[in-house]
Structures are given as structure tokens and as C-alpha cells.
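Numbering (the UniProt record's numbering), first residue to last: 1 to 435.
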């Protein structure tokens with residue numbers, strides 16, 4: 001990059017938000033920058049028009065600050081042949097590097113994840129026999145681990161295949177960029193239609209508001225599915241609870257849906273044993289079982305605990321750990337977990353007592369008015385105060401995701417209309433809000 005133009009870009013970046021800078025300014029190519037004028041090449045007519053309207057003055061001022069010269073800026077449209085080169089560079093599929101730590105060998109199998117593991121192995125042995133494979137479960141149960149395992153194992157077995165992992169947020173960002181011109185959207189489609197295996201993470205973040213993105217995803221899904229290309233999707237909830245159009249959700253149920261539950265004790269012990277060896281912690285079996293009983297959340301929490309111990313071992317040159325030392329080092333993790341879980345139960349008990357009701361009645365299914373508001377208030381507080389997503393709250397009440405959405409809206413409307421009720425809600429939130 002021309003050093004003069006690099007300085008200009010640095011100046012412009014101070015004036016324009018990063019999202020717009022990356023989308024519009026950084027896509028411009030410098031044709032020439034002299035004392036008389038600056039010529040820039042835009043990759044599409046949309047970008048050319050937008051920059052001329054919104055940012056041309058910013059660029060001219062940046063040139064002045066960088067060089068001391070006031071130079072007029074001229075933006076020209078790249079020729080069709082050059083545009084295709086830009087698009088190929090933007091969208092060319094760089095070989096995806098799967099995380100070597102996320103392998104089938106490193107995945108600890110137990111009763112809570114055996115179905116998902118077996119299905120993932122089947123995707124490698126007999127691609128598209130299970131199609132799509134839909135993995136779902138809460139954070140930290142191993143969904144991403146299995147996606148990477150599938151991808152790396154397929155490439156190990158058949159290295160000529162094209163395998164791609166993408167989280168849905170990256171897919172959406174890439175699609176929005178592609179919408180800027182007809183040529184780029186075609187490149188986008190061709191790219192995704194070329195894959196032998198597509199691994200998609202966090203599909204729950206694709207929502208009904210993203211109409212065009214859903215349509216394009218549906219089109220790509222059908223193209224790959226009809227040609228028997230392997231598709232694997234991961235989510236934090238069952239496909240029936242996804243905020244997507246029914247025609248897309250109906251596609252997900254044609255294959256296998258594998259629920260991955262939080263790790264049971266045997267899995268937790270297995271994870272700790274394997275990673276203790278990697279970190280050279282030298283923990284006894286009694287200490288490993290002690291940690292497995294203390295931390296029951298997910299694999300990430302377990303690994304985080306081991307990392308805490310490894311850091312203390314290096315920092316203080318510990319030769320060995322005692323149970324008391326382990327408990328002291330991990331006390332913050334243990335306290336926060338217990339406090340969090342205890343408070344969730346206390347929320348339901350407290351709100352039930354405010355309305356002189358039995359907690360079991362509030363947690364039940366009765367549609368009587370005297371139960372509905374307390375139940376909705378519990379859902380609202382758990383969602384807003386504890387930052388639980390609506391699907392997690394729904395599972396606590398054996399309710400659908402949409403039921404929790406309705407409950408939260410109902411309480412929000414009641415807060416607006418009823419000052420006394422608003423004060424009551426704020427008091428409950430202040431009492432139980434989890435920091």
C-alpha cells in the first residue's frame with residue numbers, strides 16, 4: 001500500500017465508525033495520488049455513489065491533514081473485469097484451519113453426549129446419510145468441538161474435499177457485503193454451493209427479521225441437500241424453538257436432531273483427567289473427583305478451573321496441591337455458581353410469596369389470572385436480571401420459547417401502565433440482580 005494513502009486511511013478512520021470504514025472506505029483502491037488530484041477506484045456503483053455522497057469530504061480533509069495539500073478527490077468505477085478480480089479476492093475461500101484440540105480423540109464420550117458423538121462420526125464415515133445433523137445444547141457442552149472434529153476428520157480422510165465451518169454471524173456479515181452488487185452476490189452463492197460439507201454454528205442467531213439472509217440460507221441449504229452434500233448445524237435450542245420461518249425449520253427435522261446435555265460426573269472426570277495430563281498438573285484421582293463435584297456447569301468451566309490451578313502452580317512454584325489449596329484457588333468460581341443457582345430458586349419463592357401462592361402453582365400450567373402474572377414476572381426477572389436467554393427460562397418452566405417472549409412483553413407493558421407494579425418489579429430486580 002502506498003505510504004501516503006496509508007496515512008490518509010489512518011486519518012479517515014478517526015472520523016468514520018469502523019463498520020462503515022471497512023464497508024466503504026477500505027474497499028476503495030488508490031489509482032493515483034499527486035499534488036493535483038487523487039483518483040480512487042470503487043468496486044461497485046453502490047459504493048461509489050455512497051462514498052461521493054457521505055465520505056468524499058472526509059477523504060479530502062484527511063489528505064490535507066496527512067500531506068498539507070488540498071487535493072480534489074475523484075472516484076471512478078472499476079471495469080467489469082477488474083471488479084471480478086476484487087470479488088474473487090474478497091470471497092476466495094481460504095483453507096479453513098480446524099482447531100487441532102477439537103478432535104474426536106479429545107472428545108470425552110458419556111451418556112449425555114453419546115448420540116451426538118455417534119452421529120458426528122457417521123457424518124465422516126457415510127457423508128449425507130444423516131442430513132442435516134442438527135446438534136443442540138447449552139453453552140459449553142461440546143457442539144463446536146464436534147463441528148471441528150467432523151471437518152478435520154473429513155479432510156484427513158478425503159483431503160480433496162471442500163469443507164467449511166462458519167458461525168451464522170459471519171455468514172450474515174458476508175452476505176450483507178455481497179448484497180452491494182449483483183456480481184458479488186453471485187460469487188457468494190457460487191462459493192457456498194461449492195462445498196462438499198458445510199458446518200454452521202449458532203444458527204439461533206439467524207432470526208425472522210433477516211428476511212433476505214434467511215432466503216439465501218434456505219437456497220444454499222436446498223442446493224447442498226439435494227446434491228447430497230453433508231450439512232451439520234449447531235444451536236443452543238431445538239429447531240422447533242428457533243426464531244425462523246417454518247419452511248426452514250422443517251428442513252432441519254429431515255435428518256437427526258441430537259441433544260447434548262451438560263456433562264455428567266463421568267464425563268467431567270474424564271475431561272479433567274485428560275487435561276490434567278496436558279497441563280502436567282499432577283492431580284490425584286481424589287482431587288480430580290473433588291473438582292468434578294465442585295464444578296458441574298460445562299466443559300469450559302472445568303477447563304477454566306484447571307487453567308486457574310496451572311497459573312498458580314507456575315506463579316507460586318507449587319510441587320503439589322492439597323484439597324484446601326484447590327478449594328481456596330477455585331472459591332470464586334464455586335461461590336458464583338452456587339450463588340447464581342440458589343438465587344434463581346429464591347426468585348420463584350420470593351415472587352410466589354409476594355402473591356401468597358405456592359411456588360409449584362406458579363411453576364405450573366394453570367391459566368388462571370392469579371397465577372399468570374406471578375409466573376410471567378418470574379420469567380421476566382430471570383431473563384432480565386440473570387441474563388438467561390428465553391430458551392433457558394422456558395426450559396425451567398417447561399414452556400416454549402414463544403411463551404417466554406409473550407411473558408416478557410406482558411410484564412413490560414404492565415410496567416408502563418402500572419406505576420405501583422413498576423416499583424414492585426424494580427424492587428425484585430434490585431434484590432436478585434446478578435452482577
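All C-beta atoms in this analysis are idealised placements derived from N, C-alpha and C, irrespective of residue type, glycine included.
As the structure is a prediction and not an experimental result, all values here were calculated from the model.
{"Query": "Within a Cβ cutoff of 7 angstroms, which residues of the same chain sit near residue 266, ignoring the five residues on either side of it in sequence?", "Result": "110"}
{"Query": "Between the region 110-119 and the region 128-141, do three or more beta carbon pairs fall short of 8 angstroms?", "Result": "yes"}
{"Query": "Let's test the definition: count the other Cβ atoms within 10 Å of the Cβ of residue 124 and tell me whether it reaches 16, buried, or not, exposed.", "Result": "buried"}
{"Query": "If I measure Cβ to Cβ from residue 180 and keep anything under 6 angstroms in the same chain, skipping five residues before and after, which residues do I get?", "Result": "44 and 46"}
{"Query": "Please classify residue 287: does DSSP put it in a helix, a strand, or coil?", "Result": "helix"}
{"Query": "Taking the Cβ atom as the reference point for each residue, do residue 150 and residue 120 lie within a distance shorter than 7 angstroms?", "Result": "yes"}
{"Query": "For the beta strand (DSSP E) containing residue 257, name the first residue and the last one.", "Result": "256-259"}
{"Query": "Which residue marks the beginning of the beta strand (DSSP E) containing residue 29, and which one marks its end?", "Result": "29-33"}
{"Query": "Let me confirm a value: residue 19 is counted as buried when at least 16 other C-beta atoms fall within 10 Å, else exposed. Which label applies?", "Result": "exposed"}
{"Query": "Can you tell me where the beta strand (DSSP E) with residue 234 in it begins and where it stops?", "Result": "230-235"}
{"Query": "Roughly how far, in whole angstroms, is the beta-carbon of residue 8 from the beta-carbon of residue 63, given that I think they are within contact range, below 8 angstroms?", "Result": "5 angstroms"}
{"Query": "Starting from the N-terminal side, write out each stretch of the beta strand (DSSP E) that is 3 residues or longer and does not extend beyond the UniProt domain \"AAA+ ATPase\" (129-259).", "Result": "133-136, 163-167, 197-201, 230-235 and 256-259"}
{"Query": "Is the beta carbon of residue 362 sitting closer than 7 angstroms to the one on residue 379?", "Result": "no"}
{"Query": "Taking all protein chains shown into account, do 16 or more other C-beta atoms lie within 10 angstroms of the C-beta of residue 406, making it buried, or fewer, making it exposed?", "Result": "exposed"}
{"Query": "Quick one: grab the DSSP three-state call for residue 326.", "Result": "helix"}
{"Query": "Give the range of the beta strand (DSSP E) segment to which residue 74 is assigned.", "Result": "73-77"}
{"Query": "Assuming residue 377 and residue 411 form a contact by the criterion Cβ under 8 angstroms, report the distance between their Cβ atoms to the nearest whole angstrom.", "Result": "6 angstroms"}
{"Query": "On the DSSP letters alone, give me the boundaries of the beta strand (DSSP E) that residue 63 sits inside.", "Result": "Segment 56-67 is the alpha helix (DSSP H) holding residue 63; no beta strand (DSSP E) there."}
{"Query": "Between residue 234 and residue 271, how many whole angstroms is the CB-CB distance? I'm expecting something under 8 angstroms.", "Result": "The Cβ separation is near 19 angstroms, so there is no contact."}
{"Query": "Our contact map puts residue 154 next to residue 161 with C-beta atoms below 8 angstroms; I'd like the distance itself, whole angstroms only.", "Result": "6 angstroms"}
{"Query": "Taking the beta carbon of residue 95 as the centre, do at least 16 other beta carbons fall within 10 Å, making it buried, or is it exposed?", "Result": "Reliability of the predicted coordinates at residue 95 is poor, the pLDDT of 48 falling under 50, and the value obtained from them is presented with this limitation in mind. Exposed."}
{"Query": "Applying the criterion that 16 or more other CB atoms from any shown protein chain within 10 Å of the CB defines a buried residue, is residue 68 buried or exposed?", "Result": "exposed"}
{"Query": "Consult DSSP for residue 17 and reduce its assignment to one of helix, strand or coil.", "Result": "coil"}
{"Query": "Across which residues does DSSP place residue 276 in a beta bridge pair?", "Result": "DSSP lists no partner for residue 276."}
{"Query": "Buried or exposed: which applies to residue 282, given that a residue is buried once 16 or more other Cβ atoms fall within 10 Å of its Cβ?", "Result": "exposed"}
{"Query": "Have a look at 27, 26, 241 and 128 and flag the residue whose alpha-carbon is nearest the alpha-carbon of residue 401.", "Result": "241"}
{"Query": "Starting from residue 309 and walking both ways along the alpha helix (DSSP H), at which residues does that stretch end?", "Result": "299-316"}
{"Query": "Does the Cβ of residue 316 have 16 or more other Cβ atoms within 10 Å, making it buried, or fewer, making it exposed?", "Result": "exposed"}
{"Query": "Can you tell me the Cα-Cα spacing of residue 16 and residue 53, whole angstroms?", "Result": "14 angstroms"}
{"Query": "Three or more C-beta pairs under 8 angstroms: does that hold for the region 413-431 against the region 247-257?", "Result": "no"}
{"Query": "Since residue 206 and residue 244 should fall inside the 8 angstroms C-beta cutoff, what is the C-beta to C-beta distance between them, to a whole number of angstroms?", "Result": "6 angstroms"}
{"Query": "Between residue 389 and the rest of its own chain, which residues show a CB-CB distance below 8 angstroms, the 5 nearest in sequence each way excluded?", "Result": "236 and 383"}
{"Query": "Residue range of the beta strand (DSSP E) that residue 405 falls in?", "Result": "Per DSSP, residue 405 belongs to no beta strand (DSSP E); it is in the alpha helix (DSSP H), 401-417."}
{"Query": "To the nearest angstrom, report how far apart residue 351 and residue 371 are at their CA atoms.", "Result": "11 angstroms"}
{"Query": "Could you please give the first and the last residue of the uninterrupted alpha helix (DSSP H) stretch that includes residue 41?", "Result": "From DSSP, residue 41 is part of no alpha helix (DSSP H) but of the beta strand (DSSP E) over 38-42."}
{"Query": "Does the distance from the CB of residue 198 to the CB of residue 224 come in under 7 angstroms?", "Result": "yes"}
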